[in-house]
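> Chains as they are written, first to last, in this note's numbering: chain A, 13 to 307; chain B, 276 to 542.
Glycine included, each C-beta is placed from N, C-alpha and C at the ideal position.
Please read all numbers here as calculations on a predicted model, not as lab measurements.
Handing you this structure, nothing more for now.
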């Protein structure tokens, strides 16, 4: 059934508009303001055109090189995160018990890491990975593995990846579980009559039904990993060197740490625009899928 | 055989999941001497001193109260304003509806780091800086769109015939909305509230940027243990354990709807 056209529906949307405008557009205007101005100190600002942006987008300058490096680093990180968390989450969802009290208990446990404040997640892994007092670091070191997440870039990356997988795979698993639950039993019975094997059931029944929730999972996980801040800032502080300095960490260092308003604002806007573009692509894919299902 | 493989898989997953949390719990019951002197799988000198310290020091327990205050304010605001909007998006077509919806979602995707600096300036200039209201309003940035998104999914699951039947039966719109419609999407409201609570509770960057003294959230208080006298690992661990409790309590209430909730009501 087609939705009714009713422009008075705008009144229903008005409160949301007010709140989100207040907390989004107004602050964003400050950023835009800073991004086209420079200062000589003492609150004397003058118009600076697009100089900050030119600097930022030119990888040969200091700030441009830094931004490009952080962007590449962050894209790589998000890519690896998706590569690990999606299959693992779907796998875990397939293993969730189907009946009895175990279902609720498993779901609550799987969701538990999602409800831990970011800085506490960072703290947990900071402690867990230490060679002197943490189980993981202690065991690895005693197995003769050269592991040190504050000195060695490979260890730092591995720790942050494992931490993110630990933190967020549960969300993918819950999404996939919701998708699996929506498959009627009749589908499985038909497959059994046809003599379909486990793989063929997964490939032909479960995976197509999961498509829609998996798009949501990809969207949420991409965005989450693309704006990761608090956890690495506690575990590695972006180091050693710059090796785990993702976009948000770099931005906070520039904008709040060095109070470099021009560069910080330009970087904010470009960063936001990149996220927005990727978000738009995902959104388009999702609405396309919605439409195909409705037909 | 297949069943065994499945239980084995989920058990392995859960063990890996629990291990770091257990380690934190383990440390929170130890003295700092024990933590630093040897690696023990369980506390040999069990102590509650770390927890006692937190419950007796106003700086610590006020941190918890501040966090709970802004999370509650934010959840109430987010769900209340999102309800009519979600109904509009689900039931009607209006000029600019798709663009508006996308714009809302784009706020959900905005990196908080982008907003840290302007929020700091903005809330400072309107004299809300260092209050729980600043954090509660700042978190609306992502929680209001999220609540709209989730509720729209749940509302679309309610057949439109119900709205029409109620109108034919002589229900005015406000009466229909409150008496008939809200109870129908009760689960959705619960799930939306749960998600707003969750995202406001775990977000730290904005919460710590917007507060200094009077509304300091627990996350900011936790940085106190990194002070001059070296790390107070036991205290840090105990505070970490306590921050997990509100989440665990809230999740218990929505345990039956959790999967559907994470799919944003869209299965």
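If residue 75 of chain A and residue 86 of chain A are in contact, beta carbons under 8 angstroms, what's the gap, nearest whole angstrom?
The Cβ separation is near 16 angstroms, so there is no contact.
> How close, in whole Å, do the beta carbons of residue 303 of chain B and residue 512 of chain B come, if the pair is a contact with beta carbons under 8 angstroms?
With a Cβ gap of about 4 angstroms, residue 303 of chain B and residue 512 of chain B count as contacting.
> If you follow the alpha helix (DSSP H) that residue 453 of chain B is in, where does it begin and where does it stop?
Element bounds for residue 453 of chain B: n/a, residue is neither H nor E.
> Could you tell me whether the Cβ atoms of residue 514 of chain B and residue 497 of chain B are closer together than 9 angstroms?
For residue 514 of chain B and residue 497 of chain B, yes; Cβs fall inside 9 angstroms.
> Residue 307 of chain A CB to nearest chain B CB: under 9 angstroms?
Bear in mind that the predicted position of residue 307 of chain A carries a pLDDT of just 46, short of 50, making it too unreliable to give a figure here.
> Taking DSSP as the reference, what is the three-state secondary structure of residue 204 of chain A?
Of the three classes helix, strand and coil, the one that applies to residue 204 of chain A here is helix, per DSSP.
> When the Cβ atoms of the stretch 485–493 of chain B are set against those of the stretch 360–373 of chain B, are three or more pairs found closer than 8 angstroms?
The answer is no - the stretch 360–373 of chain B does not touch the stretch 485–493 of chain B, with fewer than three Cβ pairs under 8 angstroms.
> For residue 473 of chain B, does the count of other Cβ atoms within 10 angstroms reach 16, so buried, or fall short, so exposed?
By the 10 Å Cβ count, residue 473 of chain B comes out buried.
> Does the distance from the CB of residue 413 of chain B to the CB of residue 352 of chain B come in under 9 angstroms?
It is not a contact, given that the beta carbons lie outside the stated cut-off.
> For a test of the three-state rule: what should DSSP assign to residue 367 of chain B, helix, strand or coil?
Three-state result, residue 367 of chain B: strand.
> Run through the DSSP bridge pairs and tell me what residue 59 of chain A is partnered with.
Answer by DSSP bridge pairing, in chain order: A/49.
> So, are the CB atoms of residue 184 of chain A and residue 101 of chain A less than 9 angstroms apart?
In contact: residue 184 of chain A and residue 101 of chain A (Cβ atoms closer than 9 angstroms).
> If you drop the 5 nearest sequence neighbours on each side, which residues of the same chain put their C-beta closer than 7 angstroms to that of residue 508 of chain B?
Result list for residue 508 of chain B: 302, 307, 310, in chain order.
> Under three-state DSSP, which class holds residue 16 of chain A?
Reduced to three states, the DSSP call for residue 16 of chain A is strand.
> How would you call residue 197 of chain A, buried or exposed, if buried means at least 16 neighbouring beta carbons within 10 angstroms?
Exposed.
> Looking at C-beta atoms only, is the number of pairs between the stretch 269–282 of chain A and the stretch 389–401 of chain B that lie closer than 8 angstroms three or more?
Yes: the two stretches touch, three or more of their Cβ pairs being nearer than 8 angstroms.
> Check whether chain A comes within 9 angstroms of residue 465 of chain B, counting only Cβ atoms and requiring the distance to be less than that.
It does not; no Cβ of chain A falls within 9 angstroms.
> Within this structure, are the beta carbons of residue 138 of chain A and residue 290 of chain A separated by less than 9 angstroms?
Contact flag unset, no.
> Just the chain A side, please: which residues come within less than 7 angstroms of residue 494 of chain B by C-beta, in chain order?
Neighbours of residue 494 of chain B on chain A, chain order: 129, 131.
> Measure from the alpha carbon of residue 98 of chain A to the alpha carbon of each residue in A/266, A/229, A/71, A/108, then state which is nearest.
Among A/266, A/229, A/71, A/108, the Cα nearest to that of residue 98 of chain A belongs to A/229.
> Is residue 233 of chain A helix, strand or coil by DSSP?
Three-state result, residue 233 of chain A: helix.
> With a threshold of 8 angstroms, are at least 3 pairs of Cβ atoms found where one atom belongs to the stretch 451–463 of chain B and the other to the stretch 431–439 of chain B?
At 8 angstroms Cβ cutoff, the stretches touch.
> Tell me whether residue 23 of chain A is buried or exposed, calling it buried when 16 or more other Cβ atoms sit within 10 Å of its Cβ.
Flag for residue 23 of chain A reads exposed.
> Short of 6 angstroms in beta carbon distance, which residues of its chain neighbour residue 224 of chain A, apart from the five on each side in sequence? Order them along the chain.
Within the same chain, residue 224 of chain A has close Cβ partners 301.
> So, at 7 angstroms on beta carbons, what are the nonlocal neighbours of residue 525 of chain B in its own chain, with the 5 sequence-adjacent residues on each side left out?
Here the set comprises 469, 472.
> Is there at least one Cβ from chain B nearer than 9 angstroms to residue 257 of chain A's Cβ?
No - not a single Cβ of chain B is within 9 angstroms of the one on residue 257 of chain A.
> So residue 140 of chain A and residue 134 of chain A are in contact, right, with Cβ under 8 angstroms, and what is the actual spacing, rounded?
Rounded, the Cβ-Cβ distance is 11 angstroms, inconsistent with contact.
> Closer than 9 angstroms by beta-carbon distance: list the chain A residues that pair up with residue 314 of chain B, in chain order.
Here the neighbours are 144, 145, 146, 147, 150.
> Residues in the same chain with beta-carbon distance under 8 angstroms from residue 94 of chain A, minus the five sequence neighbours each way, listed in chain order, please.
Result list for residue 94 of chain A: 230, 233, 234, 237, in chain order.
> Check this for me: beta carbons of residue 382 of chain B and residue 42 of chain A, under 9 angstroms apart or not?
Not closer than 9 angstroms, so no.
> Report the rounded CA-to-CA distance for residue 298 of chain B versus residue 316 of chain B, giving the unit in angstroms.
The straight-line gap from Cα to Cα measures roughly 8 angstroms.
> What three-state label does DSSP hand residue 357 of chain B in the structure shown?
In the structure shown, residue 357 of chain B sits in a helix (DSSP, three-state: H, G or I).
> Specify the secondary structure class of residue 224 of chain A as computed by DSSP and reduced to three states.
The answer is helix: DSSP assigns residue 224 of chain A an H, G or I state.
> State whether the stretch 413–432 of chain B contacts the stretch 369–383 of chain B, with contact taken as three or more CB pairs (one from each stretch) at a distance under 8 angstroms.
Enough Cβ pairs lie closer than 8 angstroms, so yes.
> Quick one: is residue 113 of chain A buried, meaning 16 or more other Cβ sit within 10 Å of its Cβ, or exposed?
By the neighbour-count rule (16 or more Cβ atoms within 10 Å), residue 113 of chain A is not buried but exposed.
> Is the beta carbon of residue 463 of chain B sitting closer than 9 angstroms to the one on residue 425 of chain B?
Yes, Cβ-Cβ distance for residue 463 of chain B and residue 425 of chain B is below 9 angstroms.
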